[in-house]
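Protein sequences appear in the order of chains P and F. All the letters of the first sequence, read from the start, carry residue numbers 351 to 624 under the working numbering. All the letters of the second sequence, read from the start, carry residue numbers 5 to 257 under the working numbering. Report on the following structure.
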Amino acid sequence: MSETVTSTQVHGGGATADQIVSVDSATNQHIQVRINRGEAGEIEGRWEEFTVPLAKGMVVLDTVLWVQAHQANDLAARWNCKAAKCGSCSAEINGKPRLMCKTRVEDFNLAEPILIQPLQTFKRIKDLVTDVSWNYRINATIKPFTPRQDREWKWFQHDADRAQEMRKCIECFLCQDVCHVLRYQTEEKPQFAGPRYFVRTAGLDFHPMDGAERLEQLADEHGLGLCNITYCCSEVCPEHIAITHNAIIPEKERVVDEFHDPVKKFIRKIQKKK
Amino acid sequence: MKQTLTAHVGAPGFGKTERRDAWWLEPLLVVLGFATFVAYSTWAAFQVSNYSYGPYLSPFFSPYIRPDWWPANWSTAFFVLWIPGGFRASCYYYRRAYWRSLFASPSACAVSEPKRDYTGETGTIARWLPILHRWFLYLSLIVLVWLWIDVVKAFDFDGHFGIGVGTLVMLINVALLSFFTLGCHALRSLVGGNARCFSCAPGGNARYGMWSFVSKLTQRHKLWAWFSLFSVGLTDLYIRLCAMGVLHDIRIV
Ligand code: SF4
Ligand code: SF4
Ligand code: FES
Ligand code: FES
């Protein structure tokens with residue numbers, strides 16, 4: 351293991367070069383990063399280019415922190431864990447929504463500058479920091495876990511698997527950012543909860559001991575039908591949750607099952623007649 | 005409670021992105037793949053001859069239906085072809101593929117799209133897709149049984165058991181079609197996916213077993229969708245070329 355020189359970690363402002371570039375991982379190379387900066391509400395922003403010393407194994411967040419420490423002390427960026435678990439360092443890197451702390455610099459063509467932008471779907475607060483509070487308001491509309499009373503509390507691992515996949519979500523909102531339903535509409539967005547909340551709903555709906563009904567809310571208020579299953583959310587999820595495959599499509603199918611299946615309708619009719 | 009997001013106005017217009025990779029390649033290949041298949045299958049479906057050879061029958065013409073009143077110079081393919089056609093047109097994978105490639109909605113992730121009045125799968129036609137897909141699933145399962153019967157018949161050379169290259173072609177084709185059909189998302193929900201708790205549901209263990217099996221196929225649904233699409237076309241082509249005398253079908257057994 352390389353010996354990393356650390357000093358006290360300072361959030362959002364004072365990471366030192368030593369913190370980032372460990373003694374034996376430093377190289378003589380330099381790379382260019384182009385960061386999109388701007389004040390609250392600015393959409394286009396302005397691109398600023400910085401030259402950053404390259405270290406082996408460096409991630410994009412390292413370059414941002416280096417710039418913050420050496421060249422632009424007022425550069426705003428959000429981060430917490432640097433371990434791909436807190437979901438705060440979401441940004442768009444070379445046009446793709448990704449976690450800055452999980453994206454290695456060496457994966458890119460270093461002859462070209464690396465582009466770093468804030469999430470495009472949410473309003474900018476400053477530089478790379480956006481206002482994602484809308485997501486929490488949507489979250490609050492979801493019917494919480496409602497334990498069943500009519501059943502013994504006993505279940506097996508295979509009953510819990512589906513719900514557990516959904517519980518891996520770290521709320522980075524990369525899926526919300528990339529989803530074209532939210533991304534490319536003007537002014538007022540459509541009434542659409544977004545993939546993160548289909549994940550949460552599926553996590554509750556597939557909990558073996560949950561008894562609440564959320565289908566109508568999903569179909570109406572949360573706009574499940576607006577999703578055209580183009581899988582972008584699944585492509586960007588850092589937790590590799592199969593969002594479209596295991597949350598959205600199964601929920602869409604539950605809607606069909608409940609309200610539209612021809613054979614089931616027929617069986618229900620016969621049962622009613624009896 | 006209405007909670008809409010009033011925020012960032014994304015860049016309108018087609019194809020704007022900061023992405024550096026060849027994001028346009030996949031939609032382009034999909035369009036080319038679809039176009040090739042649609043062109044060939046339409047041509048083949050209009051043919052009135054060369055769809056069978058020896059014990060082999062082209063999948064485009066199965067189940068073989070020819071009522072007496074049907075004019076001799078009209079193709080019978082359309083009696084059945086609307087079923088696999090409708091099944092694929094309403095399939096979740098194909099929907100994803102054409103929403104992206106034909107409607108550019110979006111062509112690729114984080115690439116801007118031209119159309120602004122988006123209704124997704126709530127539109128007049130699109131809202132029926134998942135519902136129709138159920139109907140087409142039931143019908144396609146019946147057609148699949150027929151295709152298997154055709155394969156069994158393809159082992160029968162004038163009352164004697166035999167295997168020709170055509171038998172194997174038909175067998176591979178029906179296997180790929182089965183992997184595609186049995187990996188359907190609607191089937192996945194139907195056999196077990198709609199249960200909220202497997203072990204608490206009646207017949208739960210059996211349903212969990214079926215769900216796990218279907219889930220394995222569903223995982224690769226895109227792959228089976230393409231393989232089976234091309235195998236259907238190639239099977240028809242093989243039988244057609246044999247019937248036309250261009251190819252010679254080799255008897256293995
Ligand atoms: S699959 Fe649906 S929810 Fe996910 S990004 Fe695409 S449209 Fe949005
Ligand atoms: S589902 Fe995945 S992409 Fe979406 S917020 Fe959760 S972890 Fe992030
Ligand atoms: S800093 Fe926590 S996920 Fe990147
Ligand atoms: S989802 Fe593709 S066949 Fe049903």
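All residues carry an ideal CB built from backbone N, CA and C; glycine is no exception. Everything numeric in this text was worked out from a predicted model, so none of it was measured.
Taking Cβ positions, are residue i and residue j nearer each other than 8 Å?
i: C577/P; j: G437/P; result: no
i: C582/P; j: C95/F; result: no
i: D607/P; j: N198/F; result: yes
i: F548/P; j: A490/P; result: no
i: I71/F; j: K602/P; result: Per the sequence presented here, residue 71/F reads as Pro, with Ile not at that position. No, the pair does not count as a contact, with Cβ atoms beyond the cut-off.
i: D555/P; j: R564/P; result: yes
i: P63/F; j: D160/F; result: no
i: H225/F; j: A190/F; result: no
i: G187/F; j: W215/F; result: no
i: L404/P; j: M450/P; result: no
i: F140/F; j: F91/F; result: yes
i: P540/P; j: I593/P; result: no
i: T21/F; j: G445/P; result: yes
Is residue i helix, strand or coil when you go by DSSP?
i: D611/P; result: coil
i: A510/P; result: helix
i: L425/P; result: coil
i: K452/P; result: helix
i: G166/F; result: coil
i: I620/P; result: helix
i: E464/P; result: In the sequence under discussion, the amino acid at residue 464/P is Ile, which differs from the Glu named in the question. DSSP places I464/P in strand when its eight states are reduced to three.
i: L440/P; result: The residue asked about is misnamed: residue 440/P is Ser in this sequence, not Leu. DSSP places S440/P in strand when its eight states are reduced to three.
i: Y122/F; result: coil
i: V531/P; result: helix
i: T171/F; result: helix
i: D570/P; result: coil
i: M248/F; result: coil
i: V409/P; result: strand
i: G363/P; result: Bear in mind that the predicted position of G363/P carries a pLDDT of just 40, short of 50, making it unreliable; the figure below should be weighed with that in mind. In this structure, G363/P counts as coil in the three-state DSSP scheme.
i: K504/P; result: coil
i: K446/P; result: strand
i: R255/F; result: strand
i: D560/P; result: strand
i: F184/F; result: helix
i: A11/F; result: For A11/F, the predicted structure reports a pLDDT of 46, less than 50, and the residue's modelled location is therefore unreliable. A value from the coordinates is still provided. Three-state DSSP puts A11/F in coil, outside helix and strand.
i: F523/P; result: coil
i: F234/F; result: helix
i: D457/P; result: helix
i: P600/P; result: helix
i: A390/P; result: coil
Starting from residue i and walking both ways along the beta strand (DSSP E), at which residues does that stretch end?
i: Q382/P; result: 376–387
i: F400/P; result: 396–405
i: R474/P; result: 473–476
Considering only heavy atoms of ligand 4, does any lie closer than 7 Å to the CB of residue i?
i: H595/P; result: no
i: C95/F; result: yes
i: A190/F; result: yes
i: F91/F; result: yes
i: H137/F; result: yes
i: H610/P; result: no
Given 7 Å as the limit, tell me if residue i has its C-beta closer than that to any heavy atom belonging to ligand 1.
i: V531/P; result: yes
i: I488/P; result: no
i: Y142/F; result: no
i: I579/P; result: yes
i: A492/P; result: Note that residue 492/P corresponds to Ile in the displayed sequence, not to Ala. Checking every heavy atom of ligand 1 against the Cβ of I492/P, none is found closer than 7 Å.
i: I598/P; result: yes
i: V528/P; result: yes
i: C587/P; result: no
i: C582/P; result: yes
i: P545/P; result: yes
Between which two residues does the alpha helix (DSSP H) carrying residue i extend?
i: E259/F; result: Nothing can be reported for residue 259/F, as the shown portion of chain F is limited to 5 through 257.
i: R487/P; result: 483–490
i: K220/F; result: 208–223
i: Y157/F; result: Residue identity differs from the one stated: residue 157/F is Lys in this sequence, not Tyr. Segment 133–157, the alpha helix (DSSP H) holding K157/F.
i: D555/P; result: 545–555
i: S584/P; result: 582–586
i: P191/F; result: The question names Pro, but residue 191/F in the sequence shown is Leu. Here the alpha helix (DSSP H) through L191/F covers 189–192.
Could you tell me whether any non-hydrogen atom of ligand 2 is closer than 7 Å to the CB of residue i?
i: E515/P; result: no
Any heavy atom of ligand 3 inside 7 Å of the beta-carbon of residue i?
i: M214/F; result: no
i: N430/P; result: yes
i: M450/P; result: yes
i: S116/F; result: no
i: L415/P; result: no
Original post:
Where are the alpha helix (DSSP H) runs, 4 residues long or more, that stay fully inside the segment 51–128 of chain F, in chain order?
Top reply: 82–93, 96–105
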